[in-house]
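What follows is one structure encoded as structure tokens, with my remarks underneath.
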Amino acid sequence: MTAFHSHLPVLQVIVPMLTAPLVILLNQKRLPWIVATAASLCAFAIAVTLAMSVMAGQTIQYSLGAWPAPWGIELAVDAFSALMLLVVTGASSVALLAGAQSLDKDIEHHRQPLFYAAWLLALSGLAGILVTADAFNIFVFMEISSLASYVLISGGPDKRALPAVFKYLVMGTIGATFYLIGVGLIYMMTGTLNLADMAFRIEDVADQTPILLAAGFITIGLALKAAIFPLHIWLPNAYTYAPNMVTVFLAACATKVAIYVLLRFDFFVFQPNLVGHDFQFTFFLLPLSLLAILVGSSVAIFEPKLKRLMAWSSVAQIGYITLGASLLSVSGTTASVLHIFNHSLAKGALFLVMACLGMRIAQLRIDNIAGIAQKMPWTMAAFVLAGLSLIGVPGTAGFISKWYLITASFESGAMGIALVVIILISSLMAVVYIWRIVESAYFRQPEEDLVITEAPIPLLLMTWVVVLMNVYFGFAPGVPIELATGAAELLHGQTP
Amino acid sequence: MELFLDIASWILMSLGGVFVFIGGLGALRMPDLYTRMHAAGITDSIAPILIIPGLMLQAGLTLASVKLLAILVFLLLTGPTASNALASAALLAGNRSEQVKSTAVPESEE
Amino acid sequence: MTVIFGFFLLTLLLITAVAIVQSQNLFVSVMLSGMFSLLLAVNFFLLDAADVALTEAAVGAGISTVLLLSALAITAKHEKAPSSSRVGALIIVIIATLVLIYATLGNPQFADPNAPVHQHVAPWYLDKTAEAIDIPNVVTAVLGSFRGYDTLGEVFVVFTAGIGVLFLLGTQPGPFAQSNPFKLTDPKGLRHYLIPRVVGRMLIPFILLFGLYVQFHGEYGPGGGFQAGALIAAAIILFALLEGENSALKVIPRSVLIGLIAGGALLYGVVGLFGIFLGSNFLDYSVLSSNPVKGQQMGLLIIEAGVGITVTGVLLSIFHAFAARGKF
Amino acid sequence: MTIALSFLIPIVGALLILAASRVSDNLREGVTLATAVALAINVWSLIPELMSGGRPELQLFEILPGIDFGFQIEPLGMLFAALASGLWIVNSIYSIGYMRANKENKQTRFYVFFALSITATIGIAFSANLFTLFLFYEVLTLCTYPLVSHKGDAKTIRSARIYLGVLLTTSIGLLLPAILWTYFVAGTGDFTPGGILEGNLEGPALGLLLGLFVFGIGKAAVMPVHRWLPAAMVAPTPVSALLHAVAVVKAGVFTVIKVIVYIFGVEHLFAEPSSGWLLYAAAFTVIVASIVALKQTNIKRLLAYSTVAQLSYVVMAAAILKPLAEVGASMHIVAHAFGKITLFFAAGAIYTAAKKTEVWQLKGIGRRMPWTMAAFTIGALSMIGVPPTGGFVSKWFILAGAFESDNYVAIATIIGSTVLNAAYFLPIIFAVWFSREDPEQKLDHGEAPWPMVTALSITAALTIGLFLFNAPLIALESQIVGIVK
Amino acid sequence: MELLGLYYYWVFAILLMIGLYAVIVKLNLIKKLIGLSLFQAAVFLLYITMGKLEGGTAPIVTDANANGLFSNPLPQVLILTAIVVGISTMALGLGIVIRIKEEYGTIEEDEIQEIDK
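Protein chains in written order, with my numbering: chain A, 10 to 505; chain B, 554 to 663; chain C, 448 to 775; chain D, 2 to 486; chain E, 79 to 195.
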């Protein structure tokens, strides 16, 4: 391991972070985009390197300022964070590579340097949450990513983006503040902010009310950020009215990072010790997950706006992720982590398709895309494949995580059968809402003659890259499964 | 000597406190904006003139006293200026004193 | 004595908070929240948190009030009477309060030396500061060095807010700016008000001087880059109010402000990167000089400067962005 | 390699069809035919190896631990693949005539998805485990949707939605859990001679799993999941002919047989009383579908209900759980395929030449379209099971199996359904040949275009050929039984 | 002293909920933001309270008081950061509110929803 190699965890964060100030100083036409894309790709390369090291069996640690933990801030990259880093940096890179034209359409030229800077900050904020091993540091980076996401979403062309982002801001801030209260209470009882140290020291005080209160605050706060039902109300509008590329980026990773933190705390910090931990999951998170799955899918079925439909589908898919975690078994958590990865692939591809359509059609509604498959055959073919992945058809990435989820449900006994039934019902609902779009695009006659062409090549190309990744990881899911299993074992305190 | 300084300082501070109280009372009870400002002016001017020297007597000849003196100077500069700006703004916004014009709108909220 | 004072201040705090929420006049709410911040600052001071008190006063009573007032000038002064029923929310909130109060009964005793917070981690900072960094203000040491990464993040939060506001509002006048008879800042400033203008001009140099003092005295007493940035920005905002926004922009043009925002943030980051280049970890200042302690002090000085520069730039940018919007 | 080619040929063919359509229609149809022939030769070339006991396989990769994506050819799959690929040639000839004569639009899409559907069919036939089978099963459903909804008007789309809805709902809602359950208890889903569930799952649970499978495989159209089949008749006739006489429905019954033989194991299932219900369900379907068919006046709908009945025949034969009956079941797949495709071809020819769709319009049409109606007669006789047609052979085996196990319900059902079949086919045949033509109808038509007549003549000949030269087929099928024993 | 400590925590709880109440109930967007800042201020109080040490002074270690007791510097550092985060959020929120006013002509939530219908 070279000296440079050892700095990768921190470079993961500061490369995009320090590029942001540079970007706002650039005002040539394409330069901000080029620099931002380069930084994002660089971050992706770092994430790949880190993932390879982690898969070779290392947990990479890094002390900032050379101060030892728990006094200084420590960074730690393990299987879970490595997988999430891949998702986050990958989503950002794909969206940037694909999005130059789409963003030109949504963001005026003179505002672009600021926009790309915010993009990089969102990226570095998300990455910062993932690499750090310090509870308060998570809060700081959560705020960077949140503020930057508000900026990104507010760039939406529709004025309705503004009330949507305001709602997101209020709920996001409440969520972050709740998290802060939770961390404060834990700090009060343990005297430390380092996650590992916290997990160790919490054992003595686990049954005291402030710790229970802290668990409550942290769970609710992060559930707000993660849009876990019924705290999802900010999500549909925020995703719908954001610029298309921003939706691609954030839908693939923003809420998932909050879930990451939630799982970290609930399993890694609290689990072995907290009274009522199982109770919280079985009687609280599990029913909510099921409701999220059913309600999200049902609303999606009747939603005429395409992006909103996708957003409601995200609410349901987040339900799958939390459902896996609430089974409280290694296989359930594996399914959950795996679904984070696979859903990012599927939803990322779907939102890329929305961006393709958005390049050619002003209002993305089901009625407006009637017969569009003739004009945009590649786009709609990509939609079909990505939709299959979302449904969970074998041969796509979506199937793998559903498979794991169902297997894990079976393992949990009699209740598991009911869960399987609900998962399958919601898969059928997914078929319905995906099919409504397919049917409109392929089998309905356009109202008047559409004079449109296929989406721009870079956008289309990246859409297909992601779609083919959906297929690739449907047949060769080795890497994500290995990382997800590693993550689940880590969270359940087993050494792999 | 020590005792004398203490007594002097307490007298100064208590007097200042009384003036603050009177100012507050006036700001509550006076009928319109300008008279209220007049009352509030007491808290801005005479009260710090009494209280801060009282504190300086407590602190003795230290850096803290110099800082307190600076604070007093700034308070005396900004307080009246603020009152002036407020009154001008009120006048500009069409606020007339009751003495000037008996049909003035009663001040309640502003 | 302290106990009575504490009770008094806290109760005052609660009354102010209720008044803030109750008042339908937004202007009153904003002024009250400025008072609230000052009361909170006094509370912090009683709890031995001088740095936090200074910051809360500068931010809560100063910057946040200015920003809120600017926004009010553009949007609305009164809140509409609420139509929806509030009983449900009130009941929920009261129940939650009671639960919270019940839960806090399990907290460690107030100011108890045996509480975990005083046993673990914190004593190390108190010992280590003198040894490794050798500056009196432990808060600055923890902020800048031990947890310098958090502070880097904090600078970037400010940075994000700055570019966010610029992105949202742009640097151009808003769509209603032309139709506006009362702009937030009169183009001519307050020139026809003699007294405020004279006194104001007299004060500006002192405020700047005090800002620089807070900036560079941060290692010895309460203060640091953020508070200093807020003070310096306040001085220039005062100048803009007195002399008109355009005069202020002549002194510090928008392009320079952008440069300040980016430059300060970069300065901090680059100091951190030097740690890597010089063979240690990110944000390790001890390698900046041959003497590790001197290196730490030098690092702290530079990063505090970076913080100050960025904060000044961001606050001024936000002010100008707000000021450029019209009222309608 | 040959296995891989079996997939590459139709896929490449589909792409070539797409490319060729830019050049000319003739080239496009030429490519279609060439692909069909190449595929058939390729698939048939595997038969000798299989007859000598070889089991060619192609393991591609492991998707999850215990779940492979791979192919293995065994006699039953070979039979199905050979049937589908062979009939594709005939069907292509017929399609060319039909599509041109009826001036259908979007013909390129039609041919492309046809080729893809055949790919999926081959995939089902060759798959080595439940997972691979399920994958291709779903692909087949999706690839046939554009074919079924070919016309694109509101009514067609509504019917196509029923088609898709029923098939996807049953497969995801029932078949997938059944597969998961199987993997969960057995740890594998590989098709293994003798089954994999013995020792892993016993008692009523076995009957339940069987239920999940049978109703999950909606393509087998056991009542009450048969609704999609009549709905799908909105498709152009060649689609109905190939897909709903051969590929889709046969994929269903094929899967049922395959699951019974290679997953449950015939003997294991036979020993479990709770699996007995399948026979009754199938028998019920046979009788009820036949009665419904009696009341139909639309030719294609009549054929659809006849298909539902005949499919359950196969399922029932499989459910007798005796070696001879299994031979009968697989034999009936072939016999019914030949017979029913002939009937559909004839119906399409009548529609193309005379624009007639109802049974009562057919009076005396035999004189104008002698070839077509002769073929129709042969097909109908095969459905009833009269010698010298293939239908007789398969019914013979099924009956023999039923007697072997003293299964009187099955025997009664076979006899009853034969009577019912005769009751709805014989009057048509009689009317076609011996009634006077209705003078109010248009009487200026002759035979359908020659490619259609050629195609239906070939399949009619095959129906008779199956009666005369069935030895190699029985030899192939005996291998399945051999495995069972 | 002990009672005072409890009172600090109670004030934290009440302030927190006053802020939350304002955020939930108030329809005016600026009022929501003010409520949000109250909400955050409560958390500041929580942290600073827990850092207080009996007989301690502000953690500024000079030669004169090198052996004295000091309150915990860590919560103070965290709250410095949190205050900055709070004002940043407030600034961004106000920027959004101004844009909403420009686009909708109102900053009352129910009226905005009415327009969006």
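The beta carbon of each residue, even a glycine, is placed where N, CA and C say it ideally should be.
Around the beta carbon of C:T757, 16 or more other beta carbons lie within 10 angstroms, which makes this residue buried. Taking 9 Å as the cut-off, the Cβ atoms of A:G181 and A:L468 do not count as close. Residues D115, G164, G165 of the same chain have their beta carbon placed closer than 6 Å to that of A:P252, with the five preceding and five following residues left out of the count.
Secondary structure of A:Q37 (DSSP, three-state): coil. Interface with chain C (9 Å Cβ-Cβ cutoff): B:F574 is excluded. Between the segment 444 to 454 of chain D and the segment 353 to 370 of chain D, the count of C-beta pairs closer than 8 Å reaches three or more; the two stretches touch.
Minimum Cα-Cα distance from D:T33 among the listed residues D:I10, D:L47, D:L51 corresponds to D:I10. Using a CB distance cut-off of 9 Å, A:M26 does not count as an interface residue toward chain E. Residues of chain E whose Cβ lies closer than 9 Å to the Cβ of A:G193 are, in chain order, V121, L124, Y125, M128, P153, L156. Taken in chain order, the complete alpha helix (DSSP H) segments of 4 residues or longer contained in the segment 538 to 574 of chain C are 563 to 566. At a Cβ-Cβ threshold of 9 Å, D:W278 and D:G174 do not count as neighbours. Looking only at D:P225, D:V335, D:R159, the smallest Cα-Cα distance to D:A233 is reached by D:R159. Taking 9 Å as the cut-off, the beta carbon of D:V394 is found closer than this to the beta carbon of D:M332. Taking a cut-off of 8 Å on C-beta distances, the segment 162 to 177 of chain E does not touch the segment 580 to 589 of chain C, as fewer than three cross pairs fall below it. As DSSP reads the structure, A:R374 sits in a beta bridge with A:K314.
Closest by C-alpha distance to D:D154, out of A:A371, A:L171, A:Y451, is A:Y451.
Residue environment: A:Q454 is assigned as exposed (fewer than 16 neighbouring CB atoms within 10 Å of its CB, all protein chains considered).
DSSP places D:L344 in no beta strand (DSSP E) but in the uninterrupted alpha helix (DSSP H) bounded by 324 to 355. By the neighbour-count criterion, in which a residue is buried when 16 or more other Cβ atoms sit within 10 angstroms of its Cβ, D:Y409 is exposed.
Each residue's CA atom was taken as its position, placing D:P237 and D:F8 some 25 Å apart. Within chain E, not a single residue places a beta-carbon under 7 Å from that of C:A752; the smallest gap is close to 16 Å. In terms of Cβ geometry, A:A224 and A:F279 form a close pair [threshold 9 Å]. Listed along the chain, the chain C residues whose CB falls inside 9 Å of the CB of A:Y71 are N728, F729.
With respect to the 9 Å criterion, A:N203 and A:D113 are not classified as neighbours on the basis of their beta carbons. Between the alpha carbons of D:D69 and D:L61 lies a gap of roughly 7 Å. DSSP, read as helix, strand or coil, puts D:S128 in strand.
Around the beta carbon of D:H245, 16 or more other beta carbons lie within 10 angstroms, which makes this residue buried. Beta-bridge partners assigned by DSSP to C:F663: none are found. B:S562 is outside the set of residues whose beta carbon lies under 9 Å from a beta carbon in chain C. For the segment 168 to 182 of chain A, the set of positions with a beta-carbon nearer than 8 Å to some beta-carbon of chain E reads K168, R169, L171, P172, V174, F175, L178, V179, T182 in chain order. Scanning chain C for C-beta atoms nearer than 8 Å to the C-beta of A:V160 yields T607, I610, G611, F614, L615, reported in chain order. For A:V140, no chain C residue has a Cβ inside 8 Å of its Cβ, as the nearest lies near 11 Å away. In this structure, A:P245 keeps its C-beta atom at 9 Å or more from the C-beta atom of A:L297. Contact annotation: A:S345 and A:L414 have beta-carbon atoms nearer than 9 Å. For the options D:I429, D:K357, D:R23, D:I399, the alpha carbon positioned closest to that of D:G380 is the one of D:I429.
Contact between the segment 151 to 163 of chain E and the segment 114 to 129 of chain E is present, with at least three C-beta pairs closer than 8 Å.
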